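Residue numbering for the sequence shown follows this note's numbering, beginning at 4 and increasing consecutively.
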Amino acid sequence: MNTTEHSETGVDEQMKQIHDPLAQAAGLLTQMRPLVDAYLAHEGSTQMKVIEQKLGESRLQVMLLGAYNAGKSTVVNTLLGQVKARMGDIPTTDVVDCYEWGGHLLLDTPGVNAPVEHEEVSAEALMRADLVLFVIRQEDQDARDIINRLLDLVERERPVFVLLNHDCASADQVESLRAHLVSVLVREAAPRGISQQQLTSLHVLPLHGASALKARLENKRLLQAASGYDTFVERFNQWLVSYETAQQRVSLLCEAVERVLIEPLRARLVSCQEAGAEGGAFDRAHQTLKGIQQERALCLNSVSAQARLLVSGMRGRVGAALEATTDADTLRQTLEAIVGEAQERLSAWLLTQPGFEEKLRAYTAEQARVTSPELNGESGVTEHRVEQVALALGKKVDQKMLSAVLHMGRKLKLPWLKGRWSSTLDKWAGKAMPWLQAGLALLEVNSALRQEREENAAKAQAVMLRHQWKEEICSELLSTLEDMGRTLVSQVFSLELDAATKACDKLRAQASQQAQDLERLEAQAREWQCLAIG
4 MNTTEHSETG VDEQMKQIHD PLAQAAGLLT QMRPLVDAYL AHEGSTQMKV IEQKLGESRL
64 QVMLLGAYNA GKSTVVNTLL GQVKARMGDI PTTDVVDCYE WGGHLLLDTP GVNAPVEHEE
124 VSAEALMRAD LVLFVIRQED QDARDIINRL LDLVERERPV FVLLNHDCAS ADQVESLRAH
184 LVSVLVREAA PRGISQQQLT SLHVLPLHGA SALKARLENK RLLQAASGYD TFVERFNQWL
244 VSYETAQQRV SLLCEAVERV LIEPLRARLV SCQEAGAEGG AFDRAHQTLK GIQQERALCL
304 NSVSAQARLL VSGMRGRVGA ALEATTDADT LRQTLEAIVG EAQERLSAWL LTQPGFEEKL
364 RAYTAEQARV TSPELNGESG VTEHRVEQVA LALGKKVDQK MLSAVLHMGR KLKLPWLKGR
424 WSSTLDKWAG KAMPWLQAGL ALLEVNSALR QEREENAAKA QAVMLRHQWK EEICSELLST
484 LEDMGRTLVS QVFSLELDAA TKACDKLRAQ ASQQAQDLER LEAQAREWQC LAIG
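The structure is reproduced here in structure tokens:
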């Protein structure tokens with residue numbers, strides 16, 4: 004097929020939909036499927052099949068509704084002219100039985116006031132039926148629940164034909180009975196806002212059910228006419244024919260879509276939005292996120308304060324090490340011990356903070372899962388990752404601190420460091436610091452050969468340098484401890500923060516999607532309404 008032929012085929016399909024209401028309905032149903040699948044799950048799939056079957060069904064579905072012992076099955080047997088439906092004073096129907104009559108389908112259901120599970124069967128069938136034949140016994144004319152069920156259908160503009168099943172002997176009694184039923188309907192309809200026009204269009208016909216069935220089974224024409232059957236069937240057929248036109252069938256289909264798909268979808272979407280707004284799901288998630296952020300900020304501030312406290316307590320030890328130690332290796336070991344102790348004490352303090360240890364274990368376990376999947380399921384995974392984190396953070400303490408110390412030594416032109424370039428000093432970061440005291444010792448040796456004034460000046464300079472080195476080392480130690488602690492806190496809180504942020508984003512996206520889907524549904528509902536009007 005060439006491009007021109009393909010284009011013409013597409014146009015033909017569009018024109019077909021314009022002139023064929025059923026084709027339009029099929030197209031609208033296809034558009035609804037994503038919403039049905041998203042919000043109605045298995046129930047929606049079942050309802051879609053119901054509507055699809057209606058698209059291909061030419062027969063009207065007429066549901067018989069009423070109290071469980073109103074005589075519905077008797078009416079079915081009377082119309083059929085033979086006993087096929089079960090009859091009795093106790094609930095005899097717990098499923099929907101279908102009978103073909105006059106080119107239509109009669110649906111015999113458990114009815115109103117049947118056991119709960121039976122009523123559910125009736126409610127399900129009612130959603131799918133095109134028309135309703137409501138059967139009322141003369142004893143139920145004043146039964147409020149029965150009348151309310153009938154008026155529910157009128158209020159929702161469902162096509163209803165009312166059959167009054169009686170056992171009166173005279174025509175006057177029958178007419179009086181019908182007039183009473185009409186007056187009850189008018190009285191009960193007023194508070195519900197049901198208009199007089201809606202009630203006027205309601206067909207109410209009497210039938211002596213027992214006599215009509217006897218007449219039909221025994222072929223007694225006079226009894227059949229006296230029972231009111233002939234009049235009922237004539238009026239009932241006229242009513243059915245009025246719904247057999249193509250446009251009326253499309254309208255019935257559109258009404259079924261409204262009941263079976265659009266109303267449940269609208270209710271589900273509104274319920275989801277109300278659950279999000281009134282239930283406060285997003286507000287709770289947002290408050291959780293804010294709580295975690297505030298807890299992290301408090302922990303970060305506490306880390307800085309604790310680091311300052313630790314360094315303040317170690318300042319004297321750093322100064323003593325610089326002043327008393329002359330051996331390079333000993334000085335290295337002393338300073339490394341001070342730094343290691345500071346790290347351990349800060350780490351130990353962090354673990355005493357409420358909930359921090361649990362967060363740390365959760366974080367490291369997640370990191371192990373992501374970065375070392377081969378370790379999953381092995382014992383000691385969490386401890387292994389904790390050790391890795393601690394080692395990684397600890398390695399940068401000496402390098403950063405000693406590099407800065409070497410830069411300061413060059414600036415002050417100590418004899419051992421004189422003439423060293425910055426790039427060279429950085430490479431010496433791991434081994435030059437122990438010789439700091441050796442450089443200071445050289446100052447003392449050199450000063451012994453000079454005059455007393457120069458010696459005193461050199462000693463004063465050495466004291467000053469030791470003080471500056473102490474302050475620099477303590478400053479770098481504080482910076483490193485803060486960096487270590489803040490990095491660890493940020494990493495540990497990241498798991499909860501990410502989860503809380505994703506929860507907020509998901510709820511926000513859901514609310515936005517639900518609002519869009521509701522707009523789409525209302526737009527599709529308007530299209531179905533236009534199709535129903537024709």
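Note that CB positions come from ideal geometry on N, CA and C, so glycine has one too. Computed from a predicted structure; not experimentally measured.
Asked                                                                                                                                                     : Found
What ranges does the beta strand (DSSP E) occupy inside the segment 187-253, keeping only unbroken runs of at least 3 residues that lie completely in it? : 206-210
Please report the residue range of the beta strand (DSSP E) in which TYR102 lies.                                                                         : 100-104
For GLN64, which residues does DSSP report across the bridge?                                                                                             : LEU108
What residues in its chain sit with their C-beta under 6 Å from that of PHE359, if we drop five residues either side in the sequence?                     : LEU353
Of the residues GLY488, LEU136 and ALA300, which one's Cα is nearest the Cα of ALA70?                                                                     : LEU136
Looking at the strands, I want to know which residues DSSP matches up with ASN168.                                                                        : ARG140 and LEU210
Using 10 angstroms around the beta-carbon of VAL138, count the other beta-carbons present and answer buried if the total reaches 16, otherwise exposed.   : buried
Does DSSP classify LEU313 as helix, strand or coil?                                                                                                       : helix
Inspect the CB distances between the segment 245-252 and the segment 164-180 and report whether three or more fall short of 8 Å.                          : no
Using the Cβ count rule (16 or more neighbours within 10 Å means buried), how would you classify GLY538?                                                  : Nothing about residue 538 can be reported from this structure: the residues present for the chain run from 4 to 537 only.
To the nearest angstrom, how far is the alpha carbon of LEU521 from that of LEU108?                                                                       : 35 Å
Quick check: what's the CA-CA separation for LEU534 versus PHE496?                                                                                        : 57 Å
Tell me the rounded alpha-carbon separation between LEU153 and GLN50.                                                                                     : 24 Å
Contact between the segment 178-197 and the segment 205-221: three or more CB pairs below 8 Å?                                                            : yes
Taking the alpha carbon of GLN85 as the reference point, which residue from ALA506, SER274 and ALA215 has its own alpha carbon closest?                   : ALA215
Taking ASP133 and SER76 to be in contact with their CB atoms under 8 Å, please state how far apart those CB atoms are, rounded to whole angstroms.        : ASP133 to SER76, Cβ: 20 Å. No contact.
State the DSSP-derived secondary structure class of VAL115, mapped to helix, strand or coil.                                                              : strand
Are TYR42 and LEU268 touching if we call contact CB-CB under 7 Å?                                                                                         : yes
Put VAL78 into one of helix, strand or coil per three-state DSSP.                                                                                         : helix
On the DSSP bridge list, what partners appear for ALA308?                                                                                                 : Partner(s): none; ALA308 has no beta bridge.
Among the residues of its own chain, which have a CB less than 6 Å from the CB of THR234, if the five just before and after it don't count?               : none
Are ARG318 and CYS477 close, meaning C-beta to C-beta below 7 Å?                                                                                          : yes
For the alpha helix (DSSP H) containing GLN50, list its first residue and its last residue.                                                               : 44-58
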